[in-house]
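Student: Going down the list, the sequences are from chains D and G. Using the working numbering, read the first sequence as starting at 588 and increasing by one per residue. Using the working numbering, read the second sequence as starting at 588 and increasing by one per residue.
Protein chains: 2
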Amino acid sequence: MVIHKEVIDKSSVIPIYYQLFKLIEEQIRRGDLKPGESLPTEHEISSRFEISRMTVRRAISELVAAGMVYAQQGRGTFVATPKLDNIIFELNDFNEEIKKRGLNYKTTLLEAKIIRANTELKAKFQVDEEHKRFLYFRTVLSAEDERLSYEVKYTIYSKSKPILESELKDPSLPSLIVAHTEYMPMSSKKVLQVAACTEEEAVILGIAPNSPVFLIEQTIYDQDLKTVGWSKSVYRGDRYKLTSYDGWYKKD
Amino acid sequence: MVIHKEVIDKSSVIPIYYQLFKLIEEQIRRGDLKPGESLPTEHEISSRFEISRMTVRRAISELVAAGMVYAQQGRGTFVATPKLDNIIFELNDFNEEIKKRGLNYKTTLLEAKIIRANTELKAKFQVDEEHKRFLYFRTVLSAEDERLSYEVKYTIYSKSKPILESELKDPSLPSLIVAHTEYMPMSSKKVLQVAACTEEEAVILGIAPNSPVFLIEQTIYDQDLKTVGWSKSVYRGDRYKLTSYDGWYKKD
DNA sequence: TAATTATAATTGTCTATACATTCAAACTTT
DNA sequence: AAAGTTTGAATGTATAGACAATTATAATTA
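Pasting the structure below:
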């Protein structure tokens with residue numbers, strides 16, 4: 588971790604702990620501190636910046652609260668690994684149920700291929716090179732031989748690495764991005780809508796055409812908010828629901 | 588705030604700040620500390636329990652993080668008011684848009700009456716008294732004369748207080764509960780589903796029958812998880828979507 | 001060699017203190 | 001009476017240090 592002493596201004600009105608928090612956050616976002624790497628010890632940061640250990644702890648505890656690092660007593664403090672769920676929006680009322688009952692739960696690959704950029708993809712990924720290639724996946728999720736959801740995924744294919752067997756088995760978009768592009772997935776946007784399913788989707792999922800379904804589009808970005816992955820999922824409306832518990836207290 | 592000194596055990600393996608955190612949390616949940624009320628000052632807590640102010644601050648900062656309390660420099664620390672959103676699940680992509688553009692946004696009351704308990708309500712609210720009365724509201728939300736969502740609300744009617752003009756205008760379930768029952772809304776469960784809308788709903792919302800809609804059922808509980816309010820909302824599928832930004836870092 | 005025991009390093013908790021910042025109320029001046 | 005000023009009280013930030021708890025490593029012992 589390369590930290591320059593000058594960047595912390597003790598006489599500033601901005602609290603020291605906050606300057607340090609921002610400093611480390613920046614290093615993580617820029618990739619100078621990679622997931623799994625350890626931060627310097629509290630003592631080391633403390634003496635390097637000539638600030639007290641409690642102030643360092645304050646900064647680190649903010650990072651912990653933000654989920655960017657985790658601390659282990661006796662070992663050290665480490666950068667957390669970015670975690671982007673693919674099964675989105677915690678649409679898992681049904682998925683949880685399946686797991687709890689130990690039911691048969693599998694992902695079936697319908698199609699996997701490398702395709703050339705078309706107008707739609709070029710727009711989505713903000714690229715204009717005609718030759719650009721993309722990875723394209725179509726999968727179906729099913730439990731006990733009942734089909735539950737259908738998903739289409741795209742990501743850039745720039746490393747020309749072969750697609751592994753394991754990737755075909757259960758292709759997760761973030762891991763595909765890591766494997767086949769130079770980009771690092773950092774954040775995502777998910778949009779959930781309701782829709783009447785199309786003829787094609789109805790056939791795939793074994794439901795009546797125009798049945799109500801959840802439609803989730805996920806866009807994955809790197810640290811510069813460049814689009815590096817995109818997926819669209821269709822979930823059977825009669826098999827999924829979204830539950831949230833909330834409340835207690837919030838500030839006015 | 589009634590705090591007994593004995594409840595904090597300095598020699599316990601459980602950290603003092605955590606004991607204090609739990610202690611104050613309990614007082615808030617029990618209603619001994621009511622929303623808006625101020626906590627004793629840090630100095631006062633510190634001297635009353637004979638612990639350092641920094642330890643008190645640690646406990647309070649946990650409460651702040653949990654949203655149960657908020658601190659104001661120069662004034663004090665106050666219990667936050669319970670906040671249960673009625674427009675649920677942040678289904679507000681569209682609502683936000685409306686507000687941003689300053690569009691005409693209004694709630695229309697279709698029906699408001701006091702009804703007797705029927706079988707369905709008795710089951711939902713876990714009551715068996717035949718005579719029990721309930722408040723019943725039916726409202727429509729619209730913007731620029733386009734109807735967007737339809738909502739049915741129920742709560743217990745036990746105080747026999749008249750329904751105020753202001754309540755008819757934009758009846759919020761949590762505030763109705765506070766006004767007309769002895770209970771205090773504390774938490775809520777929301778279930779979001781997709782559905783094909785019924786004939787009745789189609790007419791009310793001005794859409795085609797069987798159009799896909801969001802269906803949200805909200806149950807409101809008091810601190811003992813007793814059901815004190817229930818609502819069902821239907822949102823036009825072509826007008827609402829749910830967006831969530833997430834990611835960055837999470838601990839493994 | 002394998003198991004056990006010390007040791008050092010690292011984070012976790014806690015104290016006591018100092019000064020800064022903000023807010024509200026009391027006081028003073030106009 | 002209104003406006004400005006002072007003052008006290010509350011939270012916010014920061015320090016230095018002590019000891020506890022946990023982990024990994026090194027040293028010792030069986």
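Just so it is clear, CB atoms sit at the ideal spot from N, CA and C, and this is done for glycine as well.
Output yes or no for whether 9 Å exceeds the beta carbon distance between residue 704 of chain G and residue 724 of chain G.
Tutor: The residue given as residue 704 of chain G occupies position 117 in the second sequence. The residue given as residue 724 of chain G occupies position 137 in the second sequence. The answer is no: Cβ separation not under 9 Å.
Student: By a C-beta neighbour count over all protein chains shown, 10 Å radius and 16 as the cutoff for buried, is residue 630 of chain D buried or exposed?
Tutor: On the first sequence, position 43 is the one that residue 630 of chain D refers to. The residue is exposed, with fewer than 16 neighbouring Cβ atoms inside 10 Å.
Student: Check the C-beta distance from residue 800 of chain D over to residue 778 of chain D and give it rounded, since I have them as a contact under 8 Å.
Tutor: Reading the first sequence from its first residue, position 213 is the one you call residue 800 of chain D. Reading the first sequence from its first residue, position 191 is the one you call residue 778 of chain D. About 14 Å separates the two Cβ atoms, so there is no contact after all.
Student: How would you label residue 832 of chain G, buried or exposed, when you count the other beta carbons within 10 angstroms and need 16 or more for buried?
Tutor: Indexing the second sequence from 1 puts residue 832 of chain G at position 245. Flag for residue 832 of chain G reads exposed.
Student: Mind checking the segment 800-811 of chain G against chain D and listing, in chain order, the residues whose C-beta falls within less than 7 Å of any C-beta there?
Tutor: Listed in sequence order: 800 and 801.
Student: Considering residue 608 of chain G, what are the terminal residues of the alpha helix (DSSP H) in which it resides?
Tutor: Against the second sequence, residue 608 of chain G aligns to sequence position 21. From DSSP, the alpha helix (DSSP H) with residue 608 of chain G extends over 603-617.
Student: To the nearest angstrom, how far is it from the Cα of residue 660 of chain G to the Cα of residue 649 of chain D?
Tutor: Sequence index remark: in the second sequence, residue 660 of chain G carries index 73 (1-based). Sequence index remark: in the first sequence, residue 649 of chain D carries index 62 (1-based). For residue 660 of chain G and residue 649 of chain D, the distance between alpha carbons rounds to 20 Å.
Student: Starting from the beta carbon of residue 824 of chain G, find every residue of chain D whose beta carbon is closer than 9 Å, and list them in chain order.
Tutor: If you number the second sequence from 1, residue 824 of chain G lands on position 237. Within chain D, the residues near residue 824 of chain G are 780, 781, 782, 783 and 799.
Student: Flag residue 768 of chain G as yes if its beta-carbon sits less than 9 Å from any beta-carbon of chain D, otherwise no.
Tutor: Counted from its first residue, the second sequence places residue 768 of chain G at position 181. No - not a single Cβ of chain D is within 9 Å of the one on residue 768 of chain G.
Student: Can you name the residues that DSSP bridges to residue 801 of chain G?
Tutor: For the purposes of this step, residue 801 of chain G is identified with residue 214 of the second sequence, where counting begins at 1. According to DSSP, which records beta bridges pairwise, residue 801 of chain G is partnered with G:781 and G:822.
Student: Find the nearest neighbour of residue 663 of chain D within the set D:653, D:644 and D:746, judged by alpha-carbon distance.
Tutor: Within the first sequence, numbered from 1, the residue matching residue 663 of chain D stands at position 76. Among D:653, D:644 and D:746, the Cα nearest to that of residue 663 of chain D is on D:644.
Student: Could you check where the beta strand (DSSP E) with residue 720 of chain D kicks off and where it finishes?
Tutor: Walking along the first sequence from the start, residue 720 of chain D turns up at place 133. Residue 720 of chain D -> beta strand (DSSP E) spans 720-730.
Student: Looking only at its own chain, which residues have a Cβ that is under 7 Å from the Cβ of residue 605 of chain G, when we skip the five neighbours before and after it?
Tutor: For the purposes of this step, residue 605 of chain G is identified with residue 18 of the second sequence, where counting begins at 1. Closer than 7 Å at the Cβ level, and outside the excluded window around residue 605 of chain G, lies no residue.
Student: Determine the direct distance from the alpha carbon of residue 633 of chain D to that of residue 640 of chain D, and round the result to whole angstroms.
Tutor: By 1-based counting over the first sequence, the position of residue 640 of chain D is 53. By 1-based counting over the first sequence, the position of residue 633 of chain D is 46. Each residue's Cα considered, the two are about 5 Å apart.
Student: Looking at the unbroken beta strand (DSSP E) that takes in residue 665 of chain G, where does it start and where does it end?
Tutor: What you label residue 665 of chain G is simply residue 78 of the second sequence in a count that begins at 1. Counting along the chain, the beta strand (DSSP E) containing residue 665 of chain G begins and ends at 663-666.
Student: Within 10 angstroms of its Cβ, does residue 795 of chain G collect 16 or more other Cβ (buried), or is it exposed?
Tutor: Here residue 795 of chain G refers to the residue found at position 208 when the second sequence is read from its first residue. So residue 795 of chain G ends up on the exposed side.
Student: Tell me the DSSP secondary structure of residue 795 of chain D in three-state form.
Tutor: Position 208 of the first sequence, counted from the start, is the residue given in the question as residue 795 of chain D. Note: residue 795 of chain D maps to coil in three-state DSSP.
Student: Please name the residue in D:600, D:806 and D:625 whose C-alpha comes closest to that of residue 774 of chain D.
Tutor: One-based indexing of the first sequence puts residue 774 of chain D at position 187. The shortest C-alpha separation from residue 774 of chain D is found at D:806.
Student: Could you confirm whether any beta carbon from chain G is found closer than 9 Å to the beta carbon of residue 646 of chain D?
Tutor: On the first sequence, position 59 is the one that residue 646 of chain D refers to. With 9 Å as the cut-off, residue 646 of chain D does not count as an interface residue toward chain G.
Student: So which residues of chain G does residue 694 of chain D contact, with C-beta pairs closer than 8 Å?
Tutor: Taking the first sequence and counting its residues from 1, one reaches residue 694 of chain D at position 107. The contacting residues do not exist; residue 694 of chain D stays about 22 Å from chain G at best.
Student: Does the Cβ of residue 713 of chain D have 16 or more other Cβ atoms within 10 Å, making it buried, or fewer, making it exposed?
Tutor: On the first sequence, position 126 is the one that residue 713 of chain D refers to. Exposed, because fewer than 16 other Cβ atoms sit within 10 Å of the Cβ of residue 713 of chain D.
Student: Below 6 Å CB to CB, which residues in the same chain sit around residue 816 of chain G once its five sequence neighbours on both sides are set aside?
Tutor: Position 229 of the second sequence holds residue 816 of chain G. Excluding positions up to five away in sequence, the list reads 742, 760, 764 and 807.
Student: State the DSSP-derived secondary structure class of residue 837 of chain G, mapped to helix, strand or coil.
Tutor: The sequence position of residue 837 of chain G within the second sequence is 250, counting from 1. Any reading at residue 837 of chain G must be qualified, since the residue scores a pLDDT of 48, below 50, and its modelled position is unreliable; no value is offered.
Student: In chain order, what residues of the same chain have a beta carbon less than 7 Å from the beta carbon of residue 622 of chain G, not counting five sequence neighbours either side?
Tutor: The sequence position of residue 622 of chain G within the second sequence is 35, counting from 1. Hits under 7 Å: 666, 667, 668 and 669.
Student: Taking the straight line between their C-alpha atoms, what separation do you get for residue 787 of chain G and residue 615 of chain D?
Tutor: Walking along the second sequence from the start, residue 787 of chain G turns up at place 200. Walking along the first sequence from the start, residue 615 of chain D turns up at place 28. Distance between the alpha carbons of residue 787 of chain G and residue 615 of chain D: 54 Å.
Student: For chain G, find out if any of its Cβ atoms is closer than 9 Å to the Cβ of residue 832 of chain D; answer yes or no.
Tutor: As a first step, residue 832 of chain D must be located in the first sequence, where it is residue number 245. Cβ-Cβ to chain G under 9 Å: yes for residue 832 of chain D.
Student: Taking Cβ-Cβ distances shorter than 9 Å, what residues in chain D pair up with residue 795 of chain G?
Tutor: On the second sequence, position 208 is the one that residue 795 of chain G refers to. Result: empty, since nearest Cβ-Cβ is about 10 Å, beyond 9 Å.
Student: With a cut-off of 9 Å, does the C-beta of residue 633 of chain D fall near any C-beta of chain G?
Tutor: Looking up residue 633 of chain D in the first sequence gives position 46. Judged by the 9 Å Cβ criterion, residue 633 of chain D is not in contact with chain G.
Student: Identify the continuous alpha helix (DSSP H) that holds residue 634 of chain G and give its terminal residues.
Tutor: The residue you call residue 634 of chain G lines up with position 47 of the second sequence. That run of the alpha helix (DSSP H) goes 629-636.
Student: Please identify the residue among G:657, G:739 and G:618 whose C-alpha is closest to the C-alpha of residue 694 of chain G.
Tutor: Along the second sequence, one-based indexing puts residue 694 of chain G at 107. Ranking G:657, G:739 and G:618 by Cα distance to residue 694 of chain G puts G:739 first.
Student: How would you call residue 638 of chain D, buried or exposed, if buried means at least 16 neighbouring beta carbons within 10 angstroms?
Tutor: To locate residue 638 of chain D, count along the first sequence from 1; it is residue 51. With 16 or more Cβ atoms within 10 Å of its Cβ, residue 638 of chain D is classed as buried.
Student: Rounded to whole angstroms, what's the CA-CA distance from residue 607 of chain D to residue 646 of chain D? Just pull it up for me.
Tutor: Looking up residue 607 of chain D in the first sequence gives position 20. Looking up residue 646 of chain D in the first sequence gives position 59. C-alpha separation (whole angstroms): 6 Å.
Student: Using a cut-off of 8 Å between C-beta atoms, extract the partners of residue 652 of chain D located in chain G.
Tutor: What you label residue 652 of chain D is simply residue 65 of the first sequence in a count that begins at 1. The contacting residues are 652.
Student: According to DSSP, is residue 790 of chain G helix, strand or coil?
Tutor: Within the second sequence, residue 790 of chain G is the residue found at index 203, counting from 1. Looking at residue 790 of chain G - three-state DSSP - the assignment turns out to be helix.
Student: What does the alpha-carbon distance come out to for the pair residue 784 of chain D and residue 823 of chain D?
Tutor: Position 197 of the first sequence, counted from the first residue, corresponds to residue 784 of chain D. Position 236 of the first sequence, counted from the first residue, corresponds to residue 823 of chain D. Their backbone Cα atoms lie some 9 Å apart in a straight line.
Student: Is the beta carbon of residue 828 of chain D less than 9 Å from the beta carbon of residue 802 of chain D?
Tutor: Sequence index remark: in the first sequence, residue 828 of chain D carries index 241 (1-based). Sequence index remark: in the first sequence, residue 802 of chain D carries index 215 (1-based). No, the Cβ-Cβ distance between residue 828 of chain D and residue 802 of chain D is not below 9 Å.
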